[in-house]
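Undergrad: Quick one: this structure, given as structure tokens, is what I'll be asking you about.
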Amino acid sequence: MSPPFDVLAEPARRRILDLLLDRPRLVGELTEHLGLSQPGTSKHLRVLREAGLVRVRAEAQRRWYELCPEPLAELDAWLAPYRRLWAERLDALERHLDTMPDEPGDAPPGAGPPGGHRPGHDRKEQS
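In terms of our numbering, the sequence shown is residues 10 to 136.
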């Protein structure tokens, strides 16, 4: 069995999971959405199934694929400390931005708008 990170490194597999998030789907429907061949889609589904990320339900001649969220919960738990790190950094950025002036007139003296553009001083206006 491949670790979930290895399995999810492939963009087509992530797209399959995105499609299965809405509802179970048939291979043909997934193939159509992905723009892959049916064998190519089946290969990705096999890898996802072996990793425990999807399950297949047989209904007569049809095979319905559906998402298995449990392995994703494990990934979510592993990502939690990193998410906290980003949240702390975003909070620090928010605090910094809160200290900045809201209005252009509130800017410190000598600080013009980005790029040095000043209203009324366009090149077109000077011709």
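For each residue, glycine too, the CB sits at the ideal point set by N, CA and C.
1) Bridge partners for residue 2 per DSSP, in chain order?
2) Please identify the residue among 70, 82, 88, 42 whose C-alpha is closest to the C-alpha of residue 61.
3) Under 8 Å, with one C-beta from each stretch per pair, do the stretch 88-104 and the stretch 44-60 reach the 3-pair mark?
4) How would you label residue 32, buried or exposed, when you count the other beta carbons within 10 angstroms and need 16 or more for buried?
5) State buried or exposed for residue 91, treating a residue as buried only when at least 16 other CB atoms are found within 10 Å of its CB.
TA: Let me spell this out:
1) No information on residue 2 is available, as it lies outside the stretch 10 to 136 that the chain covers here.
2) Taking only the C-alpha atoms, the option nearest residue 61 is 82.
3) At 8 Å Cβ cutoff, the stretches do not touch.
4) Residue 32 comes out exposed.
5) Counting Cβ neighbours within 10 Å, residue 91 comes out exposed, since fewer than 16 surround it.
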